[in-house]
Ligand SMILES: Cc1ncc(COP(=O)(O)O)c(C=O)c1O
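Residue numbers (this note's numbering): 320 to 688.
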């Protein structure tokens, strides 16, 4: 069976992680210690950011940013084509939600954001779906600046992705990443915030630690939560961050073969604006119109290829829980609805062999025929 994703840890990395974890256990310093700091320093340096703040996951890292920006009861624009976590974080931070459709790059466009902004809009959350930085990121960033609106990036998919020489997550006031196991790099569970804003960096550290003014004291100055990353997770994350460039290159190489061998077939390729700058968190492919996706995926599995989750199967405005709360319905955002219903994501992971790549291609062509 070819899995949809495979988490990759090299043998020598595992050995070093084990040694460091033993050291952490013996030290008794299991959270907010030197490895959390080291992960933050290495991720800040990799993304060319002034500050990085490690967290428990990529959902709370979005929420922490929104709380740092005092966005409770404020209108926040976010795409409907995203993982529910983007919405959950904004909802939990007390924001009023305004959804926006997507364009061909699967993200919000400048025009869509322009059309959605009202005098009440306080922030825009841009998500880089599938790992490629949204095509209109620069334009949306300058629009937000002109209008005095915060731009926040949910870059959960986009470690190691760039646009115009800048890393994902660095285009607005702050960016959030996830280290969930299916992501391009993982710490088991975990997340990280990057920002060049000193106040946000300091406040985020307070929020992630139950709102405590300092690690050792017991004075609470913010309505925070336990959003800390443990040292054990940080150690794992450090070794993955060091593999990021290598992993993304491997993903790009695999994507290139898919592109070459799947063009001129019954499938339609998803166009990535700058393939050399995407991390290919997902390799997205369109099924011919009218194909039953569930049936197609079942047949692929019977042929030894497991196709993983889409990005996403349903846009969030059609998720049952969101429909109930926000009163959204089918037809509200037709582009996202169409995209969500028509695409599949192919297996792509570092260490995927040439044979596995070719088998995926061969089975796709066989099953669709
Ligand atoms: C777009 C997006 N935002 C946020 C998250 C939340 O990350 P986490 O699972 O680490 O909380 C994820 C992934 O799970 C995601 O895909």
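Ideal Cβ placement from N, Cα and C applies to all residues, glycine included.
Task: Residue closest to residue 417, alpha-carbon to alpha-carbon, out of 399, 407, 429, 424 - done: As a first step, residue 417 must be located in the chain shown, where it is residue number 98. Among 399, 407, 429, 424, the Cα nearest to that of residue 417 belongs to 399.
Open item on the list: Rounding to the nearest angstrom, what Cα-Cα distance links residue 471 and residue 516 in this structure?
Closed with: Within the chain shown, the letter at position 152 stands for residue 471. Within the chain shown, the letter at position 197 stands for residue 516. Rounded to the nearest whole angstrom, the CA to CA distance from residue 471 to residue 516 is 12 Å.
Task: Run of the beta strand (DSSP E) containing residue 494, from where it starts to where it stops - done: For the purposes of this step, residue 494 is taken as the residue at position 175 of the chain shown. Counted as a single uninterrupted DSSP element, the beta strand (DSSP E) harbouring residue 494 occupies residues 493-497.
Task: Close-in-space but distant-in-sequence residues of the same chain around residue 562 (CB under 8 Å, 5 per side omitted) - done: As a position in the chain shown, residue 562 is number 243, starting the count at 1. Excluding sequence neighbours, residue 562 sits near 327, 329, 332, 504, 669.
- [ ] Note down, in chain order, each residue of its chain lying with its Cβ closer than 8 Å to the Cβ of residue 492, except the 5 sequence neighbours on either side.
- [x] By 1-based counting over the chain shown, the position of residue 492 is 173. So the list reads 384, 388, 469, 470, 471, 514, 516, 519, once near-sequence residues are dropped.
Task: Any non-hydrogen atom of ligand 3 within 7 Å of residue 480 CB - done: With respect to ligand 3, the structure offers nothing, as its ligand set consists of ligand 1.
- [ ] Compare the Cα-Cα distances from residue 608 to each of 662, 580, 579, 578 and report the closest residue.
- [x] Locating residue 608 in the chain shown gives position 289, counting from the first residue. Taking residue 608 as reference, the option from 662, 580, 579, 578 with the minimal CA-CA separation is 662.
Task: Contact under 8 Å by Cβ, residue 396 with residue 443 - done: Counted from its first residue, the chain shown places residue 396 at position 77. Counted from its first residue, the chain shown places residue 443 at position 124. In this structure, residue 443 lies closer than 8 Å to residue 396 by Cβ.
Task: Beta-carbon contacts of residue 622 that lie in its chain and below 8 Å, excluding the five residues immediately before and after - done: Sequence index remark: in the chain shown, residue 622 carries index 303 (1-based). Within the same chain, 682, 685, 686 come within 8 Å of residue 622 by CB-CB distance, once the 5 residues on both sides are set aside.
Open item on the list: For residue 627 and residue 542, what's the separation of their Cα atoms in angstroms?
Closed with: Locating residue 627 in the chain shown gives position 308, counting from the first residue. Locating residue 542 in the chain shown gives position 223, counting from the first residue. Using only the alpha carbons, I get a separation of about 37 Å.
Task: Closer than 7 Å: residue 446 CB and nearest ligand 1 heavy atom - done: Within the chain shown, the letter at position 127 stands for residue 446. Of the heavy atoms belonging to ligand 1, at least one sits nearer than 7 Å to the Cβ of residue 446.
Open item on the list: Check whether the segment 535-553 and the segment 351-360 touch, using three or more Cβ-Cβ pairs below 8 Å as the test.
Closed with: Touching, yes.
Task: Residue closest to residue 451, alpha-carbon to alpha-carbon, out of 374, 524, 613, 485 - done: As a working note, residue 451 is residue 132 in the chain shown. Checking every option, the nearest Cα to that of residue 451 belongs to 485.
- [ ] Spell out the partners DSSP gives residue 503 in its beta bridges.
- [x] The residue you call residue 503 lines up with position 184 of the chain shown. Answer is none; residue 503 lacks a bridge partner.
Open item on the list: Taking 8 Å as the threshold (C-beta atoms), are residue 665 and residue 577 in contact?
Closed with: Looking up residue 577 in the chain shown gives position 258. Looking up residue 665 in the chain shown gives position 346. Yes. Within cutoff.
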